[in-house]
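2 protein chains.
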Amino acid sequence: MKQNIYDNPIFFEQYNSLRNSGVTYNDFVEQPAMKSLIPALHGKSVLDLGCGAGHLARYCIENGASKVLGVDISKNMIEQANKENKHEKIDYICLPIEDLEFPEYKFDIIISSLAVHYIEDYPALVEKISGLLIKGGEFIFSTEHPMVTARREKNNWIKDTEGNRLYYAVDHYQEEGKREEHWYVDGVIKYHRTVSTLINTLINYGLVLEKIIEPQSTPAGLEIMPKLIHEVRKPSFMIIKAFKM
Amino acid sequence: MKQNIYDNPIFFEQYNSLRNSGVTYNDFVEQPAMKSLIPALHGKSVLDLGCGAGHLARYCIENGASKVLGVDISKNMIEQANKENKHEKIDYICLPIEDLEFPEYKFDIIISSLAVHYIEDYPALVEKISGLLIKGGEFIFSTEHPMVTARREKNNWIKDTEGNRLYYAVDHYQEEGKREEHWYVDGVIKYHRTVSTLINTLINYGLVLEKIIEPQSTPAGLEIMPKLIHEVRKPSFMIIKAFKM
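From first to last, the protein sequence lines stand for chains C and R.
Read in UniProt numbering, the first sequence has 224 at position 224, and its numbers run on one by one without any break.
Read in UniProt numbering, the second sequence has 118 at position 118, and its numbers run on one by one without any break.
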């Protein structure tokens, strides 16, 4: 069963209002790191897996990409993308990214921002991505950091009685698989994978690792969201770049 | 100042009695994973950085290596290697691994078991290793896991009042550098590095990542040391294999 939490109306409304605030971990931690790994786009075809409302798809076009295909499981998200980030060089399709098939066409670049941790079968996804890339093509994706997804209980910041953060709790690291958490609504499901699984699977399917980023906040982020200072204490995300052999 | 804790007599005696027990994290977690990544050795020349008492050097010879050079900063360790693991195909030299220079000779394989976290300048070490490998040559090393080295306070298993382990504490992850701990004696110094630094530095110096292992205990280890079950909850080590482009 593929998860489509973004079509839950309560979740969608809350998530949207968060993202539209422009004051999120994505804005100041994940997106800057993700963009720093996206290569020169001029004339390149891009596949955006889990494109959401199309912000990154539009960013690619604004930076020279010739064509972007954005794919997302959520009808809500694709509708919003077609409203807010419509562009003649972007196609949005509503489809679980696991169901994507493109035997006829290969992409120069595949990107995926914070979608991979929703996918149950990571090896199958990576095999598909490898098959969809031209030789030398690049895959850049971000995911929640394995240190964040590991512990089943969540609420990993352990605090003292006054609410000060003492340290970050890790547990169940080697037990990969489903993690359920409350994020606006109950039952949001993500999949925990270890660092070694994230990386070895890419290598097993013919990708060559280029760079990993465990990002911290930008200086602007630290001013606007002072709590981002805690990103120094443990990483929230892992961004990985690899090319097809 | 290069650290030479293994020539501290109190440390050396305690460490030796631990290693000779045959009942350690090394025996059941780190060494099996390390050995699983060492490639076919027949006819290969091997450099062992931080060779200690020469167990791994001897293992390489017993598995077909033509020649091993073992290097260790500790006079105690090299003396012991020459007593316990002497072999006509092994040379042991007492030298900080940072000071190694071999402009004339390149190795097929470089191994290093749990020594890299004692080295302050990791990029300089990796640059040297890359220069000492033949094209296609492999570097396999183990290090304490970044999740273990991160927190300055150490004693990272947080326990309840009855001594049960609640979870593992991570902190200060992005603050790389010196960590001091008590291990038989005060002032044992290790260097914390993030996962991304460990990996990106290899890539920056012309190595291609092949595989990462975050090992768990062998079945035998779980029987003899039941506490190794906690390795499922957080990894103690990271073993990395890469080849020279």
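Ideal Cβ placement from N, Cα and C applies to all residues, glycine included.
Chain C residues whose Cβ lies nearer than 7 Å to that of residue i
i, result
"residue 273 of chain R", "There is simply no residue 273 of chain R to check, as chain R begins at 1 and stops at 245 in what is shown."
"residue 147 of chain R", "147, 170"
"residue 167 of chain R", "151, 169, 170, 171"
8 Å contact criterion, which residue i and residue j should meet: CB distance rounded
i, j, result
"residue 178 of chain R", "residue 37 of chain R", "The pair is not a contact, with the Cβ atoms about 28 Å apart (cut-off 8 Å)."
"residue 213 of chain R", "residue 33 of chain R", "5 Å"
"residue 119 of chain R", "residue 46 of chain R", "So it is not a contact: roughly 19 Å between Cβ atoms."
"residue 144 of chain C", "residue 117 of chain C", "5 Å"
"residue 8 of chain R", "residue 170 of chain R", "The pair is not a contact, with the Cβ atoms about 29 Å apart (cut-off 8 Å)."
"residue 6 of chain C", "residue 15 of chain C", "7 Å"
"residue 98 of chain C", "residue 121 of chain C", "7 Å"
"residue 176 of chain R", "residue 197 of chain R", "6 Å"
Residue of the options minimising C-alpha distance to residue i
i, options, result
"residue 194 of chain R", "R:206, R:174, R:62", "R:174"
"residue 68 of chain C", "C:32, C:108, C:98", "C:108"
"residue 115 of chain C", "C:215, C:126, C:51, C:185", "C:51"
"residue 56 of chain R", "R:228, R:142, R:136", "R:142"
"residue 134 of chain C", "C:60, C:224, C:206", "C:206"
"residue 28 of chain R", "R:191, R:237, R:245", "R:237"
"residue 245 of chain R", "C:197, C:209, C:113", "C:209"
"residue 188 of chain R", "R:125, R:152, R:160, R:163", "R:152"
"residue 12 of chain R", "R:66, R:140, R:183", "R:183"
"residue 2 of chain C", "C:217, C:191, C:16, C:231", "C:191"
"residue 211 of chain C", "C:65, C:239, C:234, C:196", "C:239"
"residue 167 of chain R", "R:130, R:180, R:147", "R:147"
"residue 89 of chain R", "R:61, R:98, R:41, R:95", "R:61"
"residue 49 of chain C", "C:113, C:233, C:42, C:161", "C:113"
"residue 64 of chain R", "R:149, R:222, R:53, R:44", "R:44"
"residue 215 of chain C", "C:20, C:234, C:70", "C:234"
"residue 92 of chain R", "R:219, R:21, R:71", "R:71"
"residue 165 of chain C", "C:66, C:96, C:217, C:229", "C:229"
"residue 222 of chain R", "R:19, R:23, R:4", "R:23"
"residue 95 of chain C", "C:59, C:227, C:4, C:126", "C:4"
"residue 31 of chain R", "R:127, R:163, R:140, R:66", "R:140"
"residue 18 of chain C", "C:42, C:53, C:41", "C:53"
"residue 243 of chain R", "R:232, R:123, R:163, R:132", "R:132"
Interface residues of chain R facing residue i [CB-CB closer than 7 Å]
i, result
"residue 210 of chain C", "203"
"residue 200 of chain C", "211, 212"
"residue 46 of chain C", "Those do not exist, as residue 46 of chain C stays about 24 Å from chain R at its closest Cβ, beyond 7 Å."
Proximal chain R residues relative to residue i, where beta-carbon distance stays under 8 Å
i, result
"residue 235 of chain C", "173, 174, 194"
Min CB distance residue i to chain A below 7 Å
i, result
"residue 232 of chain C", "Here the protein chains are C and R, and chain A is not one of them."
Report task. Check whether the region 97 to 109 of chain R touches the region 74 to 86 of chain R, taking contact to mean three or more Cβ pairs, one atom from each stretch, closer than 8 Å. Result -> No: the two stretches stay apart, fewer than three of their Cβ pairs being nearer than 8 Å.
Query raised in the report: Using 8 Å as the Cβ pair cut-off and three pairs as the minimum, do the region 68 to 84 of chain R and the region 24 to 39 of chain R touch?
Result: In this structure the region 68 to 84 of chain R does not touch the region 24 to 39 of chain R; the number of beta carbon pairs closer than 8 Å is below three.
Query raised in the report: Is the region 195 to 207 of chain C in contact with the region 154 to 161 of chain C, if contact means three or more CB pairs nearer than 8 Å?
Result: At 8 Å Cβ cutoff, the stretches do not touch.
**Report entry** Any beta strand (DSSP E) of 3 or more consecutive residues that is wholly inside the region 205 to 236 of chain R
**Finding:** Complete beta strand (DSSP E) runs here, min 3: 207 to 213.
**Report entry** Every unbroken beta strand (DSSP E) within the region 147 to 183 of chain R, with a cutoff of 3 residues, ordered by chain
**Finding:** If we require 3 residues or more, the beta strand (DSSP E) runs fully inside the region 147 to 183 of chain R come out as 157 to 159, 165 to 170, 177 to 183.
Report task. Please go through the region 25 to 112 of chain C and give each complete beta strand (DSSP E) segment of 3 or more residues, from N-terminal end onward. Result -> Counting only runs of 3 or more, we get 45 to 49, 67 to 72, 90 to 94.
Query - 4 or more residues per run - each alpha helix (DSSP H) lying fully within the region 118 to 151 of chain C - result: The region 118 to 151 of chain C contains these whole alpha helix (DSSP H) runs: 122 to 132, 146 to 149.
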